[in-house]
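Have a look at the structure below, then the notes.
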Amino acid sequence: MPSIDAPLTRRVMLGGTAAAAGALALGPAAAHAGGGRPGHPPTYVDATVHDPDVVRTGGRYYVFGSHAAAASTEDLFAWDQIAYDGVTPENPLFDDVTVELAEVLEWARTTTLWAPDVSRLPDGRFYYYYCACEGTSPRSGLGVAVADEVTGPYRDLGIILRSGQDDGTSEEPGEAYDPWVHPNVIDADVFADDDGTWWMVYGSFSGGILLLELDPATAKPVPGQGYGRHLMGGNHARIEGPAIMYHPGTRYYYLFVTFGGLDAAGGYNIRVSRARTPEGPWFDISGTDMSTVKADPDLPLFDDVTIAPHGTKIAGNVRFRTPDGAPGTGYVSPGGCSPWYDEESGDAFLAFHTRFPGTGEIHNVRVHRLAMTRSGWPVVLPFRYAGERLGGLGRHDVAGDYEVVTMAKPIGPEIAESRPVTLTRNGRVTGEHTGRWRLTGRSHVVLELDDVTYSGVAATQWDPDLEAWSVTFSAVSDAGTSVWGARR
5 MPSIDAPLTR RVMLGGTAAA AGALALGPAA AHAGGGRPGH PPTYVDATVH
55 DPDVVRTGGR YYVFGSHAAA ASTEDLFAWD QIAYDGVTPE NPLFDDVTVE
105 LAEVLEWART TTLWAPDVSR LPDGRFYYYY CACEGTSPRS GLGVAVADEV
155 TGPYRDLGII LRSGQDDGTS EEPGEAYDPW VHPNVIDADV FADDDGTWWM
205 VYGSFSGGIL LLELDPATAK PVPGQGYGRH LMGGNHARIE GPAIMYHPGT
255 RYYYLFVTFG GLDAAGGYNI RVSRARTPEG PWFDISGTDM STVKADPDLP
305 LFDDVTIAPH GTKIAGNVRF RTPDGAPGTG YVSPGGCSPW YDEESGDAFL
355 AFHTRFPGTG EIHNVRVHRL AMTRSGWPVV LPFRYAGERL GGLGRHDVAG
405 DYEVVTMAKP IGPEIAESRP VTLTRNGRVT GEHTGRWRLT GRSHVVLELD
455 DVTYSGVAAT QWDPDLEAWS VTFSAVSDAG TSVWGARR
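So for the sequence shown, the numbering used here puts the first residue at 5; every next one is plus one.
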């Protein structure tokens with residue numbers, strides 16, 4: 005989860021953005037035209053950072069990701085690439101990362117690094133929680149390095165957790181490492197809760213997602229916790245990339261994870277659960293205690309079937325059609341996400357990497373607005389952030405012809421394609437889905453599509469297929485499936 009300019013007791017963003025690319029001066033806290041629409045179209049420049057973790061300092065947002073890649077932006081539109089994929093002596097984040105992090109690379113029997121977290125702790129310095137994994141097994145190391153500047157150079161403070169031991173030991177005293185029960189120690193996310201206690205949530209496949217209390221004075225876990233508290237997953241369930249966000253408006257903590265496999269055929273998708281405290285229990289929208297969600301050990305390894313019904317799915321493989329029926333904007337295997345809440349503006353965001361239909365393993369960073377339903381569940385607005393604000397819509401603004409895509413729970417390579425639907429002014433839904441709809445307030449929408457009720461939010465967004473501002477909606481059902489709509 006993102007960190008901010010100064011130490012604080014709650015892991016939220018304290019400032020909006022005030023600059024943009026070229027002549028555009030729009031950002032998360034900028035002024036907007038009526039209906040939530042900024043006065044100008046966005047100017048986008050992409051960055052390539054897998055598993056992006058967001059940090060804000062000095063008026064810029066930074067993302068750090070796998071393979072020691074990094075990028076920055078002032079406005080969340082136009083990115084500058086700081087470091088490309090490459091754990092090499094030339095990487096600018098370290099004087100020589102192959103020397104500085106030689107211990108973890110040797111332990112994990114690898115030459116690369118996976119998803120990091122960068123956080124600014126109360127001493128004002130930046131801490132880079134790195135991890136390395138052998139790749140075909142959960143032999144991994146998770147450690148921390150420190151720097152005075154967010155872009156480094158980072159100096160290693162040592163490994164803090166190990167997994168995949170083959171000598172009869174583990175981080176749990178007296179226990180031999182068991183990959184079905186114990187975690188793969190990668191994908192850290194560091195945050196402070198609403199009371200000022202620091203935590204690290206982490207994990208990938210293997211024994212699941214776990215939580216450790218951190219000592220901010222050492223930047224390492226409080227001693228005596230072993231691997232920590234189990235939150236979800238296990239038996240090699242394909243659940244990874246945890247990140248926790250606190251939302252003061254709902255007083256819930258939200259645990260975002262990615263289900264599935266990361267490649268274009270792996271069906272990566274983003275799911276969320278919530279709890280009143282970081283220690284849980286964590287529940288999805290259907291009321292499932294996520295600590296019970298794990299793979300079936302009697303099924304083949306990496307069993308997705310058992311876990312697929314659980315977690316509130318908010319983003320996955322999707323593709324919209326253009327007004328002339330051609331393939332339009334779409335995502336494949338979005339995941340590795342980083343959520344944050346901007347306390348000044350009251351806005352929430354989600355950064356993630358994604359692949360795209362028909363382009364193989366090419367991936368880029370995307371930032372989308374998060375919006376809260378009336379019952380306090382986050383939904384992801386369909387298109388990348390363009391400076392939009394919520395609210396200002398009436399029933400006449402929302403009524404119209406849409407392309408609508410529904411995201412089901414099964415995990416696989418299939419892409420959910422949009423279908424034409426009309427939201428009529430008298431509250432009917434016609435077309436390839438049928439039912440009713442209504443707008444409550446100036447942004448909340450309820451849709452009944454084919455006897456399934458979805459609750460969510462309507463907004464004015466920049467539609468890349470139309471190259472114009474248009475109304476969209478994002479909503480979620482009590483079964484934890486989502487629907488995105490784009491007015492055409």
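Think of the CB as a built atom: it goes at the ideal place given N, C-alpha and C, for glycine as much as any other residue. Bear in mind that the values here come from a model prediction, so they are computed numbers and not experimental data.
> With 16 as the cutoff for other CB atoms within 10 Å, does Ser295 come out buried or exposed?
Replying inline: buried
>> Quick check: the stretch 417-427 against the stretch 51-67, are at least 3 beta-carbon pairs closer than 8 Å?
In response: Proximity of the stretch 51-67 to the stretch 417-427 falls short of the contact definition, fewer than three beta-carbon pairs being nearer than 8 Å.
> Does the distance from the C-beta atom of Ala72 to that of Val91 stay below 8 Å?
Replying inline: yes
> Around the Cβ of Arg518, are there at least 16 other Cβ atoms within 10 angstroms (buried) or fewer (exposed)?
Replying inline: Here the chain has residues from 5 to 492 only, and residue 518 is not among them.
> Roughly how far, in whole angstroms, is the beta-carbon of Ile289 from the beta-carbon of Thr316, given that I think they are within contact range, below 8 Å?
Replying inline: 4 Å
>> Considering just the uninterrupted stretch of the beta strand (DSSP E) at Glu407, what are its terminal residues?
In response: 404-411
> With a cut-off of 8 Å, do at least 3 Cβ pairs link the stretch 422-434 to the stretch 360-372?
Replying inline: Fewer than three Cβ pairs drawn from the stretch 422-434 and the stretch 360-372 lie within less than 8 Å of each other, which leaves the two stretches out of contact.
>> Quick check: the Cα distance between Thr52 and Asp171, rounded to an integer number of angstroms?
In response: 38 Å
> Tell me the DSSP bridge mates of Ser295?
Replying inline: Its beta-bridge partners do not exist; DSSP assigns none.
> Can you give the Cα-Cα distance for His495 and Lys298, rounded to whole angstroms?
Replying inline: Past the boundaries of the shown model lies residue 495; the chain is included only from 5 to 492, so the question cannot be answered.
>> Considering just the uninterrupted stretch of the alpha helix (DSSP H) at Leu470, what are its terminal residues?
In response: First-last for Leu470: undefined, no H or E at that position.
>> So, with DSSP's three-state summary, where would you put Arg491?
In response: strand
>> Relative to the C-alpha of Thr310, which candidate in Gly238, Pro468, Ser174 has its C-alpha closest?
In response: Gly238
> Do you know offhand how far Gly334's Cα is from Phe360's?
Replying inline: 6 Å
> Span of the beta strand (DSSP E) holding Thr426?
Replying inline: 423-427
>> Contact defined as beta carbons within less than 8 Å: I believe Gly395 pairs with Arg446. What is the distance between those atoms, to the nearest angstrom?
In response: Correct: roughly 4 Å between the Cβ atoms.
>> Under DSSP, the alpha helix (DSSP H) around Val103 begins and ends at which residues?
In response: 101-104
> Can you name, in chain order, every residue of its own chain whose Cβ lies under 7 Å from the Cβ of Ile213, other than the five neighbours on each side?
Replying inline: Val205, Gly207, Leu235, Met236, Gly237, Ile243, Pro246, Val261
>> Which same chain residues end up closer than 7 Å to Glu365 when comparing Cβ atoms and leaving out the 5 residues on each side of it in sequence?
In response: For Glu365, same chain residues with a beta-carbon under 7 Å away, outside a window of 5 residues either side, are Asp267, Ala268, Arg359 in chain order.
> Where do the N-terminal and C-terminal ends of the beta strand (DSSP E) with Tyr133 fall, by residue?
Replying inline: Element bounds for Tyr133: 130-137.
> Do you know offhand how far Asp100's Cα is from Val226's?
Replying inline: 29 Å
>> Output needed for Lys224: all residues of its chain with C-beta closer than 6 Å, excluding positions within five of it in sequence on either side, in chain order.
In response: Ile164
> When you compare only the Cα positions, how much space is there between His44 and Val402?
Replying inline: 21 Å
> Is Ser76 closer than 8 Å to Ala112 when the C-beta atoms are compared?
Replying inline: no
> Do you know how far the Cα of Tyr250 is from the Cα of Arg280?
Replying inline: C-alpha separation (whole angstroms): 9 Å.
> Between Asp482 and the rest of its own chain, which residues show a CB-CB distance below 8 Å, the 5 nearest in sequence each way excluded?
Replying inline: Ile289, Ser290, Thr457
> In three-state terms, what does DSSP make of His71?
Replying inline: helix
>> To the nearest angstrom, how far is the alpha carbon of Tyr131 from that of Asp219?
In response: 13 Å
> Assuming Met411 contacts Val322 under a Cβ cut-off of 8 Å, what Cβ separation, rounded to an integer in Å, is found between them?
Replying inline: Confirmed, Cβ separation roughly 7 Å.
> Would Asn430 be called buried (16 or more neighbouring beta carbons within 10 Å of its own) or exposed?
Replying inline: exposed
> Where do the N-terminal and C-terminal ends of the beta strand (DSSP E) with Ile318 fall, by residue?
Replying inline: 316-319
> Sorted by chain position, which residues of the same chain lie with C-beta nearer than 6 Å to Pro142's C-beta, five sequence neighbours on each side aside?
Replying inline: Ser167, Gly168, Pro183, Asn188, Ser210
> Would you call the CB atoms of Leu161 and Ala149 closer than 8 Å?
Replying inline: yes
> Do Val108 and Tyr133 have their C-beta atoms closer together than 8 Å?
Replying inline: no
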